[in-house]
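Numbering (the working numbering), first residue to last: 1 to 535.
Below is one structure, written out as structure tokens; comments come after it.
Here it is, written out as structure tokens:
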């Protein structure tokens, strides 16, 4: 989930270091390759089992890896496991681990570390927002809900280098899911010693290409090549400095001046300027991501009415937002699952998707009147969003669209983590957010609205028929039939007007042409172990 700038004070509890002055490019020792990477948000944590933000995943994915990892094109590649086999019914997976895998302190990485990591992400005390992804493992949900001991989880170390996972249902996407941080191992010998404090510099042990050197809040996070990594001989970059650079235009200028090598975003409406001034740096690609508005249907009475939700959704001018405001290739969204998701038929869409805007606005006014909202008694709503120039621009467009149908709309902006904490605690009426695929399968989108998903089902969408269809899809071994069942579920959710889908995203990055190994991909994952610096 993408979020935006945070205050140094909000992270002071991490006890890493105080906020620093303006970030500067670090000096790279002679004969070394150093990468300066600009992130639009400073991570709130580097704990893989507590992370939520895409920006956190960028850094954590350089430090840690699971049974599989993202290849240069983001496809699953062997990582902690070198091979695996699946039982004929798809319910038992056996992974054979690397015998030369080491934590950055030299301790071997074993099957027990994977079992411990899976148990940890499900631990109610850890309160991982991604615990629901591990429900695919037998007993996962019961462990997460405190109804069963961690030892009952269907994850077993058959020996130090053989891991067996027993699943609740066939999961053809498991190798994709195994790339996600919720499936990362955890170093039991360090976590049990330091507790949650294990992620501090000086304590953090990693099992991937890099190790954590320092984290100076408001300045940068420094990683260094991990000499214990099993493939260290093929890792080009000796050091990576991650700089929080929340202002996209400032980041663009820093890349242009050579102060940083990569910015993980740019302001959409500057794409034409960038094509003219920095064409070799510009990277934009279709992404498995959808930007949407979530309704608080638990606490806001008018939003419990499907007529109101439909009126709000169909009155949004998605064509204006994508073609006039953004202009970087985003496409209007009339469904939640974006084009490009694997094994999906892409038939669902809102029933009114083909109607012209004027007709939709007229219908919206009529629906609001039916629900009891008129010029004399207007619907009053508050949209909560993050403190980001682009998100504010978009929300102002939505505000204008809703005012055009008689809705009294106010806007509230919070720093990213504050806004998403409010969403999780249902302290909002309408929230603005994007969902970026955690793995390439429609379930990463549709599972978000399952009634037992938890905090990330921000709108508290609940429909037993929808849940039943997702359950049926889980049990369907045929990929084509499974996709058809999931499409029926999505159409049901869209008919319920559960959310306002606005547009399908594109990845946006500025990459110095001296960098090789960057492969544009729909998952927008670029592990630094595959990158090199030319010249």
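No residue lacks a Cβ here, since even glycine has one placed at the ideal position from N, Cα and C.
Taking the C-alpha atoms as reference points, what is the distance between residue i and residue j?
i           : j           : result
residue 301 : residue 152 : 41 Å
residue 360 : residue 352 : 7 Å
residue 221 : residue 241 : 6 Å
residue 487 : residue 189 : 45 Å
residue 67  : residue 187 : 14 Å
residue 397 : residue 318 : 10 Å
residue 250 : residue 167 : 47 Å
residue 156 : residue 324 : 54 Å
residue 268 : residue 500 : 21 Å
residue 539 : residue 205 : What the structure shows of the chain is the stretch from 1 to 535, and residue 539 is not part of that stretch, so it cannot be assessed.
residue 520 : residue 103 : 30 Å
residue 446 : residue 490 : 7 Å
residue 131 : residue 215 : 27 Å
residue 355 : residue 218 : 47 Å
residue 477 : residue 433 : 33 Å
residue 314 : residue 403 : 13 Å
residue 419 : residue 224 : 32 Å
residue 179 : residue 440 : 11 Å
residue 159 : residue 111 : 7 Å
residue 463 : residue 527 : 38 Å
residue 38  : residue 226 : 21 Å
residue 409 : residue 401 : 10 Å
residue 212 : residue 196 : 16 Å
residue 475 : residue 203 : 42 Å
residue 40  : residue 193 : 33 Å
Measure from the alpha carbon of residue i to the alpha carbon of each residue in the options, then state which is nearest.
i           : options            : result
residue 265 : 392, 508, 512, 242 : 508
residue 333 : 370, 369, 425, 293 : 293
residue 430 : 438, 443, 406, 460 : 460
residue 148 : 135, 158, 490, 398 : 135
residue 275 : 144, 30, 197, 327  : 327
residue 296 : 122, 159, 435, 427 : 427
residue 493 : 468, 504, 478, 481 : 468
residue 108 : 142, 128, 229      : 229
residue 466 : 476, 455, 478, 449 : 449
residue 235 : 442, 63, 504       : 63
residue 55  : 31, 133, 201, 243  : 243
residue 248 : 391, 177, 122      : 391
residue 30  : 262, 253, 237, 395 : 237
residue 484 : 394, 347, 452      : 347
Residues in its own chain within less than 8 Å of residue i by CB, not counting five upstream and five downstream?
i           : result
residue 231 : 209, 529
residue 307 : 367, 368, 370, 371
residue 124 : 144, 145, 146
residue 26  : 34, 36, 220, 222, 239, 241
residue 82  : 96, 97, 98
residue 77  : 68, 69, 70, 71
Kindly list the residues whose CB is nearer than 7 Å to the CB of residue i, restricted to its own chain and excluding five residues on each side of it in sequence; keep chain order.
i           : result
residue 414 : 384, 386, 387, 422
residue 311 : 364, 367, 368, 405
residue 506 : 284, 285, 286, 287, 328, 329, 330
residue 79  : 65, 66, 67, 68, 69
residue 282 : 274, 275, 510
residue 309 : 295, 303, 497
residue 517 : 72, 530, 531, 532
residue 50  : 126, 128
In terms of DSSP beta bridges, what is residue i paired with?
i           : result
residue 225 : 210
residue 402 : For residue 402, which the question treats as bridged, DSSP gives no partner whatsoever.
residue 68  : 78
residue 533 : 515
residue 244 : 39
residue 286 : 506
residue 84  : 95
residue 220 : 216
residue 34  : 239
residue 262 : 37, 511
Less than 6 Å between C-beta atoms, sequence neighbours within five positions excluded: which residues of the same chain meet that for residue i?
i           : result
residue 28  : 34
residue 171 : 136
residue 373 : 379
residue 435 : 290
residue 86  : 93
residue 525 : 70, 74
residue 198 : 190, 191
residue 298 : 426, 460
residue 442 : 337, 341, 344, 486
What residue ranges within the stretch 288 to 357 form continuous beta strand (DSSP E) runs of no fewer than 3 residues, ordered along the chain? none
With a floor of 3 residues, list each beta strand (DSSP E) that falls wholly inside the stretch 456 to 516, ordered by position along the chain. 499 to 511
At what residue ranges does the stretch 86 to 150 contain a whole run of the beta strand (DSSP E), taking only runs of 3 or more? 92 to 97
Considering only residues of the stretch 371 to 437, which uninterrupted alpha helix (DSSP H) runs meet the minimum length of 4 residues and lie entirely inside it, listed in chain order? 389 to 403, 416 to 424
Considering only residues of the stretch 146 to 202, which uninterrupted alpha helix (DSSP H) runs meet the minimum length of 4 residues and lie entirely inside it, listed in chain order? 174 to 177, 188 to 194
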